[in-house]
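To keep things clear, I will list the structure first and then write my remarks on it.
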Amino acid sequence: MSATIIDGKAVARDIQLQLAEDVRSLARDRGVVPGLAVILVGDDPASRVYVNNKRRMCEKLGMYSEEHLLPAATPREEITNLIKRLNADDRIHGILVQLPLPDRLDERAVLEAVDPSKDVDGFHPVNMGRLVMGSPVFVPCTPAGIMELIRRTGIDLAGKRATVVGRSNIVGKPVSLLLLAQHATVTICHSRTVDLVGVCREADILVVAAGRARLIGRDHVKPGAVVIDVGINREPSGLVGDVDFDEVREVAGYLTPVPGGVGPMTIAMLMKNTILAARRFAYCEHP
Ligand code: GUN
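One rule links them: number in the working numbering = place in the sequence shown (from 1) + 24.
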């Protein structure tokens with residue numbers, strides 16, 4: 025048996041068609057063009073690529089976008105002042121601060137400066153709190169993309185065992201909450217977990233966001249499980265995930281590739297959140 029490979033690129037393209045239509049109808053009905061501002065501090069090459077991709081996607085969908093590229097040494101107040109200006113700018117409905125920030129900057133203070141009604145990353149404590157309490161507004165983009173890929177397998181999560189490897193605020197914690205909201209029994213693993221193989225092997229759904237190339241092999245996977253690989257590790261041979269693709273495809277029921285799995289979904293979900301923010305603005309639904 026060989027796993028069904030989940031084509032994240034194709035799913036993302038499908039979603040983009042709907043989003044382009046949503047952009048047109050918001051412009052037609054309310055005269056509002058969704059606008060996204062992206063802030064990048066420093067010149068991390070991978071972040072640069074992500075920021076460029078976001079701009080291109082905005083153009084493709086007919087949205088407005090702004091890039092704010094700041095030197096690595098920019099003082100925190102300068103960044104928060106820019107965020108305050110963007111909070112007050114009616115052309116901008118979504119604000120994204122590309123992570124990671126340079127080490128010397130207090131990430132929490134910067135993210136908390138974003139108005140929660142423009143926080144399309146869903147990283148502000150208000151939006152995280154809404155997610156914890158089961159009534160999210162802006163769901164973090166990678167977790168939202170993961171859930172959409174799982175939804176399209178047609179598998180009902182109620183009562184299933186879901187294991188998440190990694191406990192980051194960006195992926196591990198929020199995706200665990202989303203799986204829980206779909207009534208899965210959720211286990212979160214991390215670097216101190218004892219018997220990772222045993223815990224992963226119980227999972228009907230295995231989401232891996234650990235940031236370690238090929239951490240998950242054949243032995244970690246229950247036959248027939250859905251395996252979602254969130255890892256993006258740069259190796260001389262190219263990009264590899266946290267899952268050993270060749271091994272795991274022989275046991276899993278469904279598997280996402282790297283690249284072409286979760287990655288394209290993240291950006292689609294960012295656009296979806298920005299359009300949602302613009303719609304809330306246009307219809308005055310924001311608090
Ligand atoms: N860096 C890696 N993933 C993300 C993300 O989802 N949002 C932001 N802002 N930065 C990231």
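Here a beta-carbon is modelled for each residue, glycine too, at the ideal position from N, C-alpha and C.
Treat the numbers as computed from the prediction; the structure is a model and nothing was measured.
- The C-beta distance from T28 to C165 rounds to 24 angstroms, too long to meet the 8 angstroms contact threshold.
- Every unbroken stretch of the beta strand (DSSP E) spanning 3 or more residues and falling wholly within the region 193-262 is given here in chain order: 209-213, 229-232, 250-253, 257-259.
- In the three-state DSSP reduction, G158 falls in the coil class, being neither helix nor strand.
- Set against 7 angstroms, the gap from the CB of Q42 to the closest heavy atom of the ligand GUN is not smaller.
- No Cβ-Cβ contact shorter than 8 angstroms links I229 with V245.
- Between V134 and T104 the beta-carbon gap is near 7 angstroms, inside 8 angstroms, which marks them as a contact.
- Closest by C-alpha distance to G248, out of V223, E259, R52, L279, is L279.
- Inter-residue distance for L85 and A237 is about 33 angstroms (C-alpha atoms, whole angstroms).
- Just measuring C-alpha positions, the residue of P126, L50, S89 sitting nearest T98 is P126.
- Contact annotation, D266 with G235: C-beta distance approximately 7 angstroms; criterion of less than 8 angstroms satisfied.
- Using a C-beta cut-off of 8 angstroms, the region 57-67 makes contact with the region 86-93, since at least three inter-stretch Cβ pairs fall below that distance.
- H214 has its alpha-carbon roughly 17 angstroms from the corresponding atom of P167.
- Comparing alpha-carbon positions, the option among K142, L123, F162, I212 lying closest to H117 turns out to be K142.
- R304 and S261 have their C-alpha atoms some 44 angstroms from each other.
- When distances are taken from the beta-carbon of L173 to the heavy atoms of the ligand GUN, even the shortest one reaches 7 angstroms or more.
- Comparing alpha-carbon positions, the option among V65, L294, A233 lying closest to E102 turns out to be V65.
- In this structure, L50 sits near I299, with a CB-CB distance shorter than 8 angstroms.
- In this structure, the C-beta of D145 approaches the ligand GUN to less than 7 angstroms from one of its heavy atoms.
- Taking I212 as the centre and dropping the five residues before and after it, the same chain places the C-beta of V188, R191, G196, S200 closer than 7 angstroms to its C-beta, in chain order.
- T104 sits in a helix when the DSSP states are folded into three classes.
- V231 places its beta carbon less than 8 angstroms from that of I252.
- Between R242 and the set N77, A227, D270, the nearest pair of CA atoms involves D270.
- The beta carbon of P283 lies closer than 6 angstroms to those of L263 in the same chain, with the five residues before and after it left out.
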